[in-house]
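Counting from 1, one number per residue, gives the positions in the sequence shown under UniProt numbering. Think of the CB as a built atom: it goes at the ideal place given N, C-alpha and C, for glycine as much as any other residue. This one's a predicted model, so the numbers in the text were calculated from it and none came from an experiment.
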Amino acid sequence: MARSAVVLELLSTMLDPGCDLGVLRDELVLAASTISSISQGLSVQLAKAEQRTEFLKARITELEAEQASTSLRLQTLEAQNAELCRLLERSQPELASALKARDAALRKLHLMRELVQDLIDERRQASRPGARQPLSRRQTETDVDSSDSAGTQLWSSFKPAKAESSMGEDDEDVFEGERKSPGRSRPPESSPGPEPKDDEVLATSAGAEVSAERPSGDPVPLGGSMPMLSDNKDARPAKRVARCEAPRANAKPNSKSGRVHKIRPSAPLPTSTRMVPDTDNPSKTTAPYTQQDVQTSLGETEWYVEYQRPPATAIRPVGLNLQSLGERLGLDEDTMTRIESLEDWREPSLRLHIHHDMAFVYHPVVLEGPATTYLISWGDAIVNANVARYLTNSPDRPADRIFHLFVKNVGRDTWYYLGRQEFVVADLPSMWHTNLDEQNKHELVEALNERWTWQNAPHIEQIARLIETREVAQCLVELRSDANLQEQSQGFASRLSQK
1 MARSAVVLEL LSTMLDPGCD LGVLRDELVL AASTISSISQ GLSVQLAKAE
51 QRTEFLKARI TELEAEQAST SLRLQTLEAQ NAELCRLLER SQPELASALK
101 ARDAALRKLH LMRELVQDLI DERRQASRPG ARQPLSRRQT ETDVDSSDSA
151 GTQLWSSFKP AKAESSMGED DEDVFEGERK SPGRSRPPES SPGPEPKDDE
201 VLATSAGAEV SAERPSGDPV PLGGSMPMLS DNKDARPAKR VARCEAPRAN
251 AKPNSKSGRV HKIRPSAPLP TSTRMVPDTD NPSKTTAPYT QQDVQTSLGE
301 TEWYVEYQRP PATAIRPVGL NLQSLGERLG LDEDTMTRIE SLEDWREPSL
351 RLHIHHDMAF VYHPVVLEGP ATTYLISWGD AIVNANVARY LTNSPDRPAD
401 RIFHLFVKNV GRDTWYYLGR QEFVVADLPS MWHTNLDEQN KHELVEALNE
451 RWTWQNAPHI EQIARLIETR EVAQCLVELR SDANLQEQSQ GFASRLSQK
């Protein structure tokens, strides 16, 4: 547009009659020079534009190559991502299980640290001259804690020792396993007739039990104290005499068909009044009789300690592993951890955890009497007092002390449901001093020695001496059942096995 304007201006000037030709020539030269300069500039700009175009074309080619490479890498990454997703989906259960196991291990470690600290505190206080029975930090919280937290108030950190035979269901070898525990020797029946089968023993319980007043009130204070008699400098410090005192309960006779009796009492049993059940109609009773009458009428009836078989009050067991049991009972992870920790104790006390109306016992020692069955706990005064306290001192414990009993023995992954049982702390003369002969004492000491595995634990001779001097003693928890409880137990067992 500028060049056109210049040309038009020149033409108009040339057509002007008064125009000077010299001036016109100069202007034409100037215009030509300007046009030439402009043309050169345009040529330069055109060359630059062409160079820019070539550069952009090359860049486009590079970007297209990069895009193709990126697309290929993206496809590879998508394939890898799909493969990782498949692997993650397959490993998800294992990952969840590993995370759950990690969390459970952390909770278990926390519980064990608290138990160890409580045990250290107890022993420090017990070793002081004239020290009263100490209660651990967690034991003092019993009255305000729930059953889950009460599970951490157990009387010491006890763990099992060697693998012993565990509870089965029918066959003798299932009950006894490949290896027998000490004290597992049952003589044949003293009365004539074939020995009943194991399944008959399991299927029978206290069906003929009659109603009687249940004991009420709190446990009475523990008895006096005795010094520790031990020649081992590493033995445990002195504590008060281990005698589990509790309100005496009127024992009720149980129907225990299939019972094998052993250990004839060397001392008379304490006198107590009982009601005689009618064997044809368990709900009926006849005239009362005394414990002395029981001893006289039964004649050859004897006592024995059982290390492997279920108690005589049990129904036919229903077995489940802990995971299935937890799912069917709706147990939370904390309760599951506390139940698993029963296997980690190292002393011979009753390995018991109570959750609401359910009692879980690991590897129990059972005392079978002429008409009664007991779980035995062994320990000093503090331990035995805590056993009695643990059964009752919690706001969610059933008032009637009737629990669904679950038992597991060493070497098995199965927990067995044995029915609803009433738990009553009993005070009987020491079976060691009244009922056991030397052979059975030796078997009992061996069984306790296998369970007593903490560092510097007493050896067999020391255990026998501690029991003889009553520094370690029994605490008996009587198991009671009747026809009504048996019926409830069968219904619960059916629901448990059908879920």
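- Taking C-beta atoms under 8 Å as the contact rule, N449 and I467 fail to qualify, at a distance of about 12 Å.
- Taking a C-beta distance under 8 Å as the contact criterion, L375 and V366 qualify as a contact pair.
- With fewer than 16 other beta carbons inside 10 angstroms of its own, R495 counts as exposed.
- Under the three-state reduction of DSSP output, H442 falls in the helix class.
- Cβ-Cβ distances below 6 Å link W452 to E347 and P348 in the same chain, with the five nearest sequence neighbours on each side left out; the list follows chain order.
- L46 and S39 have their C-alpha atoms some 10 Å from each other.
- When DSSP reads this structure, Y362 sits in a beta bridge with R351 and K408.
- By DSSP's assignment, E478 forms a beta bridge with Y374 and V424.
- Comparing alpha carbon positions, the residue from L325, L109 and A312 closest to T414 is L325.
- Here DSSP, grouped into helix, strand and coil, assigns I339 to helix.
- Remark: fewer than three beta-carbon pairs, one from each stretch, lie closer than 8 Å, so the region 334-346 and the region 381-397 are not flagged as touching.
- Taking C-beta separations shorter than 8 Å and ignoring five residues to either side along the sequence, the partners of R107 in its chain run E333, D334 and T337, following chain order.
- Looking at I315, E114, I35 and I60, the one whose alpha-carbon comes closest to that of S489 is I315.
- Judged by DSSP in its simplified three-state form, N449 adopts helix.
- It is roughly 24 Å from the alpha-carbon of R351 to the alpha-carbon of R102.
- Separation of the CB atoms of P311 and L444 is rounded to 17 Å, and the pair is thereby denied contact status at 8 Å.
- Counting other Cβ atoms within 10 Å of its Cβ, F55 stays below 16 and is therefore classed as exposed.
- Nearest to A385 by alpha-carbon distance, out of L342, V477 and G22, is V477.
- Apart from sequence neighbours up to five positions away, the residues of its chain that approach P398 with a beta-carbon distance below 6 Å are D357, ordered along the chain.
- At least 8 Å separates the beta-carbon of A457 from that of F403.
- Between R401 and V424, the CB-CB gap stays under 8 Å.
- For N321 and F406, the gap between their C-alpha atoms comes out near 11 Å.
- If only uninterrupted alpha helix (DSSP H) runs of at least 4 residues are considered, those enclosed by the region 302-338 are 322-329.
- When Q474, N393, A447 and R52 are compared, the shortest CA-CA separation from D427 is found for Q474.
- Inclusion of V410 and H363 in the CB contact set at 8 Å is warranted, their separation being smaller than that value.
- Collapsing the DSSP output to three states places E50 in a helix.
- The beta carbons of R420 and L485 sit closer together than 8 Å.
- Separation of the CB atoms of E461 and E368 is rounded to 27 Å, and the pair is thereby denied contact status at 8 Å.
- According to the DSSP secondary-structure assignment, L367 is paired through a beta bridge with V305 and Y374.
- Of the residues L436, V472, K57 and D482, the one whose Cα lies closest to the Cα of E302 is L436.
- With contacts defined as CB atoms closer than 8 Å, Y390 and G319 fail to qualify as a contacting pair.
- For S494, the uninterrupted alpha helix (DSSP H) segment begins and ends at A483 to Q498.
- If you ignore the 5 residues before and after S497, its C-beta comes within less than 7 Å of the C-beta of V318, all in its own chain and listed in chain order.
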